[in-house]
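K.L.:
Please read through the structure below; I'll follow up with questions.
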């Protein structure tokens, strides 16, 4: 029977240059783990696939670097600490959520100097996937988003100019992409389906990046409990969104996430964003401090989403089944109300 030879030359940067050619019967099963171990690369994929499938995977990965030259992926259950210096006692510079990406600038003594989004620092290589494995992993986790390319773009409830305006979003906002229908992109705004005119949003593949640590300074109007609450909420970045859920690890919806975070600090809230909006003191956005709640609504102003303000113009919230718990700009959609429930 004819032999198929998996050769390394030209099979793309994503599969790194395997050291020796590997042969297998056409249609037979080849273990990628065995192949990569032979090349000194381990834990790429534990699943087996036929030779043809392996070659197809390699060709698909060719050139797929998502804007990175030396890609790294955070291999953690929750968040990977990014430190200002390459040691465990180094000050935190940011956090890389599970499966987020970075540019690996250099490596030394089991530490990688990385840049991810606005964060630059050092991470332990024990928790970072690089090389072949990172590129194959990225192929599995890259999200398709619609990136807004116009100012104050109106998001509508249907694919027409006559449809109700759900909210407005800013230039650069990333929306979870579903499909394109007759010149309109169907997207998710948190957990609601909506539409944007295709000419005002570009559909691209993207990888998550690190999040900065909000600078919360004691003695400048931010109490200890607010600092602690925000850092506590950030522990659950990347965890799943589940409609009706209240679990910070297994899944929560927007109000369930807020309810459970505040419950940890002895503050009882309803499991409804609309109800939560009436369970504190209304304030202006200019007065907002980390730990205050920001509410969002539909086109008529009816509240249907809630997030926790974390300072620096950002919020943390349980967004949608696709995005899970994430950090966004506080005005990623138009806020309709800001409420303070922490009494300090």
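Numbering (the numbering used here), first residue to last: -1 to 342. Cβ coordinates follow ideal geometry from the N, Cα and C atoms, glycine included. For clarity, every value in this text was computed on a predicted model and none was experimentally measured.
#1: Closest to residue 142 by C-alpha separation, out of 89, 203, 253, would be which residue?
#2: Runs of 4 residues minimum, wholly inside the stretch 119 to 163: which ones carry the alpha helix (DSSP H) assignment?
#3: So for residue 253, helix, strand or coil by DSSP?
#4: Decide if residue 87 is buried, meaning its Cβ has at least 16 other Cβ atoms within 10 Å, or exposed.
#5: Please name the residue or residues paired with residue 312 in a DSSP beta bridge.
#6: In this structure, how does DSSP classify residue 200 when only helix, strand and coil are distinguished?
#7: For the putative contact between residue 201 and residue 136, defined by C-beta atoms under 8 Å, what is the C-beta separation to the nearest angstrom?
#8: Which whole runs of the beta strand (DSSP E) in the stretch 73 to 127 are 3 residues long or more, in chain order?
#9: Thinking just about the alpha-carbon of each residue, which of 77, 106, 244, 85 is nearest to the one in residue 94?
#10: Identify whether residue 66 lies in helix, strand or coil by the three-state DSSP scheme.
#11: Using 8 Å as the Cβ pair cut-off and three pairs as the minimum, do the stretch 171 to 179 and the stretch 126 to 140 touch?
#12: Please report the Cβ distance between residue 74 and residue 89, rounded to the nearest whole angstrom; I am assuming they are in contact, meaning their Cβ atoms lie under 8 Å.
#13: At what residues does the alpha helix (DSSP H) containing residue 227 begin and finish?
#14: Check whether the stretch 322 to 341 touches the stretch 267 to 280, counting contact only when three or more Cβ pairs, one atom from each stretch, lie closer than 8 Å.
#15: Return the CA-CA distance between residue 165 and residue 148, expressed in angstroms with no decimal places.
#16: Here's the rule I'm using: 16 or more other beta-carbon atoms within 10 Å means buried, otherwise exposed. How should residue 109 be labelled?
#17: Of all Cβ atoms in chain B, is any one closer than 9 Å to the Cβ of residue 199?
#18: Would you tell me roughly how many angstroms separate the C-alpha atoms of residue 41 and residue 71, rounded to the nearest one?
#19: Output the distance between the C-alpha atoms of residue 107 and residue 232, rounded to the nearest integer angstrom.
#20: Return the residue from the list 127, 124, 125, 99 that minimises the CA-CA distance to residue 118.
#21: So for residue 335, helix, strand or coil by DSSP?
#22: DSSP has residue 174 in a bridge; who is on the other side?
#23: If you compare alpha carbons, which of 195, 167, 189 is closest to residue 180?
#24: Going by beta carbon distance, what residues of the same chain come within less than 8 Å of residue 333, once the five residues before and after it are set aside?
#25: What are the partner residues of residue 345, as DSSP defines its beta bridges?
#26: Can you give me the C-alpha to C-alpha distance between residue 244 and residue 255, rounded to a whole angstrom?
#27: Quick one: grab the DSSP three-state call for residue 285.
#28: Exposed or buried, residue 309, counting other C-beta atoms within 10 Å across all chains shown (16 or more means buried)?
#29: Tell me which residues share the same chain as residue 275 and place their Cβ nearer than 7 Å to its Cβ, disregarding the 5 neighbours each side in the sequence.
P.N.:
By the coordinates alone:
#1: Position 144 of the chain shown holds residue 142. Of all alpha-carbon atoms in 89, 203, 253, the one lying nearest the alpha-carbon of residue 142 is that of 203.
#2: 129 to 139, all fully within the stretch 119 to 163.
#3: Here residue 253 refers to the residue found at position 255 when the chain shown is read from its first residue. Of the three classes helix, strand and coil, the one that applies to residue 253 here is helix, per DSSP.
#4: Indexing the chain shown from 1 puts residue 87 at position 89. Counting the other CB atoms within 10 Å of its CB gives residue 87 a total below 16, which places it among the exposed residues.
#5: As a position in the chain shown, residue 312 is number 314, starting the count at 1. Answer is 309, 327.
#6: To locate residue 200, count along the chain shown from 1; it is residue 202. Here residue 200 sits in strand by DSSP.
#7: If you number the chain shown from 1, residue 201 lands on position 203. If you number the chain shown from 1, residue 136 lands on position 138. 18 Å between Cβ atoms; not a contact.
#8: 77 to 81, 90 to 95, 99 to 106, 109 to 114, 117 to 122
#9: Walking along the chain shown from the start, residue 94 turns up at place 96. Ranking the options by Cα distance to residue 94, first place goes to 77.
#10: Your numbering for residue 66 matches position 68 in the chain shown. Residue 66: coil per DSSP, three-state reduction.
#11: no
#12: Mapped onto the chain shown, residue 74 falls at position 76. Mapped onto the chain shown, residue 89 falls at position 91. That pair is no contact at about 19 Å.
#13: If you number the chain shown from 1, residue 227 lands on position 229. Looking at the DSSP string, the run of the alpha helix (DSSP H) that includes residue 227 is 222 to 232.
#14: yes
#15: Taking the chain shown and counting its residues from 1, the one referred to as residue 165 is at position 167. Taking the chain shown and counting its residues from 1, the one referred to as residue 148 is at position 150. One C-alpha to the other measures close to 14 Å.
#16: Here the question's residue 109 lines up with position 111 in the chain shown. Label assigned to residue 109: buried.
#17: Looking for chain B here will not work: only one protein chain is present.
#18: In the chain shown, the residue the question calls residue 41 occupies position 43. In the chain shown, the residue the question calls residue 71 occupies position 73. No answer about residue 41 holds up, because its pLDDT of 39 lies below 50 and its placement is not dependable.
#19: Here residue 107 refers to the residue found at position 109 of the chain shown. Here residue 232 refers to the residue found at position 234 of the chain shown. The straight-line gap from Cα to Cα measures roughly 29 Å.
#20: Here residue 118 is taken as the residue at index 120 of the chain shown, counted from 1. If we check each option's Cα against that of residue 118, 99 comes out closest.
#21: Looking up residue 335 in the chain shown gives position 337. In this structure, residue 335 counts as strand in the three-state DSSP scheme.
#22: Within the chain shown, the letter at position 176 stands for residue 174. Answer by DSSP bridge pairing, in chain order: 143, 186.
#23: Residue mapping note: residue 180 aligns to position 182 of the chain shown, counting from 1. Of the candidates 195, 167, 189, the one whose C-alpha sits nearest the C-alpha of residue 180 is 195.
#24: As a working mapping, residue 333 is identified with position 335 in the chain shown. In the same chain as residue 333, and ignoring 5 residues on each side of it, the C-beta atoms closer than 8 Å to its own belong to 283, 292, 293, 294, in chain order.
#25: In this structure the chain extends from -1 to 342, so residue 345 is not present and cannot be described.
#26: As a first step, residue 244 is located in the chain shown; it is residue number 246 there, counting from the start. As a first step, residue 255 is located in the chain shown; it is residue number 257 there, counting from the start. Roughly 6 Å separates the two Cα atoms.
#27: In the chain shown, counting from the first residue as 1, residue 285 sits at position 287. Residue 285: helix per DSSP, three-state reduction.
#28: The residue labelled residue 309 in the question sits at position 311 within the chain shown. Buried: at least 16 other Cβ atoms inside 10 Å.
#29: Residue mapping note: residue 275 aligns to position 277 of the chain shown, counting from 1. Contacts found: 293, 301, 335, 337.
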